[in-house]
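Trainee: Chains as they are written, first to last, in this note's numbering: chain A, 1 to 789; chain B, 790 to 1130; chain C, 1131 to 1300. For each residue, glycine too, the CB sits at the ideal point set by N, CA and C. These numbers were taken from a predicted model, which means no experiment stands behind them. I'd like to ask some things about the structure below.
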Amino acid sequence: MKKNGFSVIGKPLPRIDGPAKCAGDTRYADDMVLPRMLFSRLLRSPHPHALVHGVSAKRALELPGVHAVITGADVPTKFGIMPSTQDEEALAVDKVRYVGDPVAAVAAVSEDAAEEALGLIEVDYQVLDPILSIEGALAAEDHRIHTWNRHANIQKAVSFEFGDVDAGFAEADEVFEGTYFFQGNTHLPMEQYCALASYTPDGKLTLWSSTQTPHYVHRALSRVLGLPMGHIRVVATPVGGGFGGKSDPFSHEIAVAKLAMITGRPVKITLNREESFYVHRGRHPVKMWMRTGVKRDGTLTGMWFRSFLDGGGYSSYGLATVYYTGALQTVTYELPAYKFEGVRVFTNKPPCGPKRGHGTPQPRFAMEVQLDEIAEKLGLDPVEMRLKQVVAPDSVTVNGLRVSTIGLRECIEKVAERSGWKDKHRALPDGHGIGFAASSYISGAGLPIYWNDMPHSGVQLRADRGGGVTVFCGSTDIGQGSDSILAFAVAEELGLQPEDVRVVTADTDLTPVDLGSYSSRVTVMTGNAAIQACGNLKERLFEVASEVLEVPADDLEMEEGHVRSRSLPDLGLAFAECVERAETRFGTLGATGSYRPPRHPGDYKGAGVGPTPSYSYSAAVVELHCDADTGEIRIDKVWIAHDCGRAFNPLWVEGQVEGSVYMALGEVLMEEQIFRKSGVHKIPSILEYKSPTTLETPPIETILVETDDPEGPFGAKEAGQGPLLPVIPAVSNAVYDAVGVRIHEIPITPDKILRALDQRLKDPTVPDFAFPAPIRWAPGQGVEVPQKS
Amino acid sequence: MLRLPDFTYIRPRTLAEAAGVLQELGAEAMAVAGGTDVYPKMKRGQFTPRYLVSLSRVEEHRGIRREEARGLWIGAGETLTAVAGHATVRREFPALAAAAGLVSTLQLRNAGTIGGNLFVDTRCNYYDQSFFWRQAVGFCLKKDGDICLVAPKSRVCLAICSSDTAPVLSSLGAEAVLVSARGNRRVPLETLYRDDGIDYLAKRPDELLQGVWIPESSFGWRNVYLKLRRRGSFDFPVLGVAAALRLGAAGACEAVRIVLTAVASAPKVVEDAPRVLCGKPVDAAAIEEAAELAMRVSHPLDNADMDYWYRKRMTRVYVTRALRQLAEVGATTAGPDAAPV
Amino acid sequence: MSTSETITGKRLMRLRVNGEPHEVAGHVTHSLLEVLREEMALTGTKHGCELGECGTCTVLVDGEPVYSCLMLAVEAEGREITTVEGLALQGRPHPLQRAFSDLGAAQCGYCIPGILLAAKALLDKQPNPARADIEEALSGNLCRCTGYTKIIEAVEQAVREVQVQEGTRA
Ligand SMILES: Cc1cc2nc3c(=O)[nH]c(=O)nc-3n(C[C@H](O)[C@H](O)[C@H](O)COP(=O)(O)OP(=O)(O)OC[C@H]3O[C@@H](n4cnc5c(N)ncnc54)[C@H](O)[C@@H]3O)c2cc1C
Ligand code: FES
Ligand code: FES
């Protein structure tokens, strides 16, 4: 039966991949075995910074069972996810930039033989001083990690002023300042990285990989291996967790591809857990400084935010990350003037990249903690203070972002109400506390990673004479349920059951391009593309049905496996029969659909980061208690409300929200990607890198707020990343409520709490740095865009 | 996938035979029970035995039984799950049930034995790393290197005792029964530990543990174990406090033992605790004094999770809490998992 | 006379997996995990660390959950091994599998085989576990996707379903 006019959307139905996953039947990359398969391992640098003068594989090649060894010379072409910062090499050509940087790759008959061979490869290193801190990177003018960048170890420095910030501060009754530090952390998906390559005698290469972005891997392979894209097939296997960590093209993928080409045999590589800490691409450590001007009633008059990102050895997504640390401060609360300066530096550590919330959890932490402090100082309720200045729907922010629907007010009201905020805030017994914060995230990046005007997502549909439908799309299910999104969108549109829709995804030979599972783009973009494809198919189905049923085509709808007349519901044609007739009439039936996000008003350089079809909103309340003797925090409960546009499927949205809350709790309480003074990762194991277990995970109450966004498929927005954001500052604010100390540093560990209680915890410092002159922009300057694309 | 290096696997049926094989093969052989300590370390290249002498087929080191007048016998080959779940252990020695039950995870406790737990290798985050990592940092005294990376001036290795059950059994005055080709001996468990991260056991490598006796005289003691670690499962202790005390009829403390784990290479007995606690009721002042003493002898270093000053400071807090529990609540309270967060 | 058994290199192992006897040539150094996945193609059992630190490789040996990455295959001989492939009963999914699937407790799904087995071991012992018992029983299995919320709810739902089936609950 249809609910809200939908037959499958909005209902708590199971995912299409659930039964196989629960049967242990889903084949992840490492479960694959091909005949004659060889195994690869990578030799990694033990030095954080060194020149590579030579690599000799002679002894390794003599080892029985070793089929090939490759080095940087075999794959010298640079690559990288962002077109303007291609600074990675599959295997170091002349320099290594972090402990774990790959230097050579072996293919052998077994993993053991490959491992043994690594020990026989001789590398001539000239060790250089490592640069391991943001300050160190900025200070080392002539000691450079890369030379392609313009200056010292600065990958990118940006500066913007939106509106008149000085005027904003002048207008303020009070101006607040603070410094903050968000330690880096990593994704730690349960599945370790794995890729398998096969090169067949016809000169065609296939790579199966646990990747979130098969399309970008496809491009990188073509570039580095010098093969036409048409000769390469990339298949993303079911991904055993990604969270952003499997979004770059990686050395191990290129290495097995090259080794397969050299040996003519399939080659597989599975990285071990320790290596996943070196591959990394996780949350950037960010130092922040923030100044906020407010009226006595809490109204924001201006904000100035500075971020310093510790990028690690390579660029990865860093160009986007630095912009993201400053982009979304404006979309939650009305902000008339805003200045943002950010810089990302290179250091000799594993490269940082996108992790759930990409570049936005750090500034959101700073901002929501500062707002809590402001409310405290002004004697305002932090919830009320925010409610007063929620951004209006259908508005343009000071930095040119177009906000369509916004459910933030309802999110804030709901979490406050459900958690009993009013009765608890500043009223709980000693040691117990409650904290609040809110946030926003994008539902897909507005621009593709490489400049082009093609669709971001494409869908092909094939209707079978037997009544089956297959949907083909390049999207990648990393556990978020994107395959199910496609099946449900198509089922809804064609009046079928989701289980009658076959889904073929993430295969560059079979499926049209979808850019990948990052930036929370998949539901909105593939959903829209699928709806469009269904529309195109329906046109032809309705044309024949209208003749058969003798009703006008615009009176037809698809429901319960039939094409039906709306006005005369008894008149209908079974779907299979309709397909048969349509195929008779038109020949083979297929249809395509595609999606490109709408433009945003901002037209300044750098305006590409931040725009999205729609912003999701979240608000969280965290209740916890803190033991003042030990500094230990126990989270009692998290209430989280999330504006997901429409709950495409409430179970899946809740699952994304709960997972986000979990990941946030890990980050705020215990997870740290930390290094020794020598530049070596301090704790590269899943035992010592602390990930919360069932025993640390509190009950989570999820409240879904629906805004029915006009950009979204069936009104949906993202849900996979945004809900992580408010939880981290909410914990910090709750700690203050519990024990009266402000912790400006993530993670908030017991020792920091004790130090703060002893008044020994210093606020983080930020470096001195001369940012470039700002790009100035103000609303009204940008391009006019219609509200709905 | 991390794999084990090659070895020859020998499965004797008796302890004497096993001890004989160990003696014969010398330094290249190693005993293995549940393997939950041995196998990860072999995969990381920390242990490199050519021969593994498995105790899995040995029967004589199994069983947990109460013997009138002799005490409680716990066979070394019993799993931690069995120890933690045993009715007598739970009733009489809740500290031991807690300590065994707080080791890592259920899966691990189902395989890991109490014998292995008592002799578990000392830990250090410069040492419990892969070969690649140790090579990158520079090898340490304990394996392949010649300096202690925690304290380069130290002549001894500072890896820490990380057993949860060793401090408890020490606090309960347990005695170990060791079997070797030369015969058996029975010694106070406590005397088997040395404060040296490398040579942390005062026994010959071919001596096998058959089991431990908790003597009859320890029945009736109140006992508790509190464990500090980041998470409620998986994690080794970064501080453990085992406390046992006997109260007289008038409520005065007649005897007390406090033993710490994870603050030195051996379980650390707080020698002065009886001096401040015995002969009077266990009151707040006495507890405070004992806790202060314990903190003074607790020397955590920067080689495990959580800051060392924090772990030192927690010694006082945990000892205070342990003693309060014993003083107030009575004999049969299991120490709650003090795991935070 | 020594009664010691000495095993080197490869040998024919007799393993009982999911109720079926198997003979496989396995190396003495192989963990049960390696033999299941690589010699028997039972790839439903996953791995995430191979060091006993994550729980992904959990299987049941004589009904008890253990980490297959830390158990030698030769030690599993003569014992009853259950993997995720053996959970279904005559082709019908186990109530746990059904509940996990219905509630969306499997996101990426990678931790799920291990968690299902840990949950089964719990239910076999304790047919009516409290929430805290479930949390405790699953605390040796990490999941990075779900926050455990739907996983715990799914175990609770399976409990109810079994009770209904067995007539102990209306
Ligand atoms: C992820 C992880 C977490 C862990 N957490 C904890 C923890 O929280 N607390 C803790 O205490 N331990 C912990 N351990 C260590 C270990 O698993 C346990 O201590 C376990 O009890 C060891 O028992 P086993 O039978 O597996 O020992 P094995 O690995 O078989 O042996 C350990 C040592 O004891 C020796 N040995 C074993 N039995 C005998 C015997 N009868 N006579 C003489 N020597 C013997 C072996 O030769 C070896 O040196 C952890 C291990 C892992 C992998
Ligand atoms: S693979 Fe992680 S515990 Fe076995
Ligand atoms: S579902 Fe992905 S790790 Fe649990």
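Which whole-angstrom value describes the C-beta separation of LEU1028/B and THR1104/B, a residue pair presumed to lie in contact below a C-beta threshold of 8 angstroms?
Mentor: Contact flag correct, Cβ pair sits at about 6 angstroms.
Trainee: Could you tell me the alpha carbon to alpha carbon distance between VAL1058/B and ALA1079/B, rounded to whole angstroms?
Mentor: 12 angstroms
Trainee: Answer with buried or exposed for TYR1006/B, where buried requires no fewer than 16 other C-beta atoms within 10 angstroms of its C-beta.
Mentor: The sequence shown places Ser at residue 1006/B, rather than the Tyr named in the question. Exposed, because fewer than 16 other Cβ atoms sit within 10 Å of the Cβ of SER1006/B.
Trainee: Output, in chain order, the set of chain B residues within a Cβ distance shorter than 9 angstroms of GLY1216/C.
Mentor: In chain order: nothing, as chain B lies at least about 17 angstroms away.
Trainee: For the alpha helix (DSSP H) that PHE1230/C lies in, which residues bound it at each end?
Mentor: 1225-1233
Trainee: Considering only residues of the same chain and omitting the five flanking positions on each side of GLU1296/C, which have a CB-CB separation below 6 angstroms?
Mentor: none
Trainee: Is there a Cβ from chain A that is less than 9 angstroms from the Cβ of LYS1255/C?
Mentor: no
Trainee: I'd like to know whether the C-beta of THR1136/C is nearer than 9 angstroms to at least one C-beta of chain B.
Mentor: The Cβ of THR1136/C sits closer than 9 angstroms to at least one Cβ of chain B.
Trainee: Once DSSP output is grouped into helix, strand and coil, what is the label at THR1121/B?
Mentor: Note that THR1121/B has pLDDT 37, beneath the 50 cutoff, so the model's placement of it is unreliable and no number is given.
Trainee: Going by the C-beta, is THR347/A closer than 8 angstroms to any heavy atom of ligand 2?
Mentor: No, the beta carbon of THR347/A sits no closer than 8 angstroms to any heavy atom of ligand 2.
Trainee: Between SER1022/B and chain C, is the shortest Cβ-Cβ distance under 9 angstroms, so that the two count as touching?
Mentor: Cβ-Cβ to chain C under 9 angstroms: yes for SER1022/B.
Trainee: Considering only heavy atoms of ligand 4, does any lie closer than 8 angstroms to the CB of GLY1178/C?
Mentor: For the structure depicted, ligand 4 is absent and the ligand set comprises only ligand 1, ligand 2 and ligand 3.
Trainee: Taking the beta strand (DSSP E) that LEU573/A belongs to, which residues open and close that run?
Mentor: 572-574
Trainee: With a Cβ-Cβ cutoff of 9 angstroms, do LEU1145/C and GLU1135/C count as a contact?
Mentor: no
Trainee: Taking buried to mean at least 16 other C-beta atoms within 10 Å of its own C-beta, is ARG971/B buried or exposed?
Mentor: exposed
Trainee: Please check the pair VAL217/A and LEU225/A, which I expect to be a contact at CB under 8 angstroms, by giving their CB distance rounded to whole angstroms.
Mentor: Not quite, the Cβ-Cβ distance comes to about 12 angstroms (not below 8 angstroms), so this is no contact.
Trainee: For ALA738/A, tell me which candidate among VAL471/A, ALA756/A and TYR28/A has the shortest Cα-Cα distance.
Mentor: ALA756/A
Trainee: Nearest chain B C-beta to ARG1209/C closer than 9 angstroms, yes or no?
Mentor: no
Trainee: How about HIS47/A: is its C-beta nearer than 9 angstroms to some C-beta of chain B?
Mentor: Cβ-Cβ to chain B under 9 angstroms: yes for HIS47/A.
Trainee: Whose C-alpha, out of MET790/B, LEU804/B, ARG792/B and ARG833/B, is nearest the C-alpha of LEU967/B?
Mentor: That would be LEU804/B, whose Cα lies nearest to the Cα of LEU967/B.
Trainee: From the DSSP output, read off the bridge partner residues of PRO429/A.
Mentor: Beta-bridge pairing by DSSP links PRO429/A to no other residue.
Trainee: What first and last residue would you give for the alpha helix (DSSP H) that runs through PRO650/A?
Mentor: Note, PRO650/A: alpha helix (DSSP H), 650-669.
Trainee: So ARG646/A is in the beta strand (DSSP E); what residue range does that whole segment cover?
Mentor: Neither: ARG646/A is in no beta strand (DSSP E) and is coded neither H nor E.
Trainee: Looking only at DSSP bridge pairs, what is TRP862/B linked to?
Mentor: ARG854/B and TRP1002/B
Trainee: Tell whether a beta-carbon distance below 9 angstroms holds between GLU413/A and LEU387/A.
Mentor: yes
Trainee: Could you tell me the boundaries of the alpha helix (DSSP H) in which MET525/A lies?
Mentor: 522-549
Trainee: Hey, would you say the C-beta of MET819/B is under 8 angstroms away from at least one heavy atom of ligand 1?
Mentor: yes
Trainee: Spatial neighbours of VAL415/A within its chain, please: C-beta separation below 8 angstroms, excluding the five flanking residues on both sides.
Mentor: TRP421, PHE436, ALA619, ALA620, VAL621, TRP639, ILE640, ALA641 and ILE703
Trainee: Put VAL471/A into one of helix, strand or coil per three-state DSSP.
Mentor: strand
Trainee: Between PRO1125/B and ALA887/B, what straight-line distance do the alpha-carbon atoms span, to the nearest angstrom?
Mentor: Per-residue confidence for PRO1125/B stands at a pLDDT of 40, beneath the threshold of 50, marking its modelled position as unreliable; no derived number is given.
Trainee: Threshold first: 4 residues or longer. Then list the alpha helix (DSSP H) segments lying entirely within the region 1039-1080 of chain B, N to C.
Mentor: 1062-1066
Trainee: Tell me the DSSP secondary structure of GLN824/A in three-state form.
Mentor: No statement about residue 824/A is possible, as the shown extent of chain A runs from 1 to 789 and does not include it.
Trainee: Considering only DSSP beta bridges, list what GLY54/A is partnered with.
Mentor: ASP124/A
Trainee: Is it the case that the region 938-956 of chain B contacts the region 879-893 of chain B, given that we only count it when at least three CB pairs across the two stretches are under 8 angstroms?
Mentor: yes
Trainee: Runs of 3 residues minimum, wholly inside the region 202-236 of chain A: which ones carry the beta strand (DSSP E) assignment?
Mentor: 205-209 and 232-236
Trainee: Taking 8 angstroms as the cut-off, is the beta-carbon of LEU1131/B closer than that to any non-hydrogen atom of ligand 1?
Mentor: With chain B running from 790 to 1130 in the structure shown, residue 1131/B is simply not present.
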